[in-house]
Amino acid sequence: MTTPPAVFGQFGQALAFAERTLTANLREHLARRGIKPETWYALQLLATRGPGLARDELCRLLEGSRNLDAKSTQELLARLEAEGLIRGDTEVDLTVEGKAMHQSLREYIAGPTIRLLGQFDIQDIETTVRTMQAITRLAEEESSSPAT
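Below you can see the structure in the form of structure tokens.
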């Protein structure tokens, strides 16, 4: 058996620390606007995967996040609907107000994102994004395949 490159052993920890730090920064930044990250995540999913995202799929995606389960997902969606940000039963869409809120938050978040990522070569960022997407896809495929 070949010895794996040392970086393989550093990968998970580096990813975990980056995720933890970025999430904390996002939470702090959104809190200044009185927004919970779960609200941003739901609006972002609907903006990028809609219009007409199946409610079951939206719930599955939200429940897969670290801070939401089935009950809290239903509560979140009920709150967003009561606030007039989303609508729909079997298919969920952003309302005009929801689209405006999403756009406002996207612009608000863009500043810190640009400041952070602007310190790196764009090709490195593009490679990182492609690599993370591929790792996610392969890990999902592996976890859904029967064990060998």
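One point on numbering: in our numbering, the residue at position 81 of the sequence shown is 82, and numbering is uninterrupted.
For every residue, glycine included, the Cβ atom is placed at its ideal position computed from N, Cα and C.
Predicted model only: the values in this text are computed from it and were never measured.
Quick check: the Cα distance between I110 and Q45, rounded to an integer number of angstroms?
For I110 and Q45, the distance between alpha carbons rounds to 12 Å.
If you draw a straight line from the alpha carbon of L54 to that of A135, how long is it in whole angstroms?
23 Å
Go ahead and label L23 buried or exposed: buried means 16 or more other beta carbons lie within 10 angstroms of its beta carbon, across all protein chains shown.
exposed
Can you check which of these residues, Q14, R34, E39, L47, is closest to I87 by C-alpha distance?
L47
Under 8 Å between C-beta atoms of R56 and G13
no
For I36, does the three-state DSSP call read helix, strand or coil?
coil
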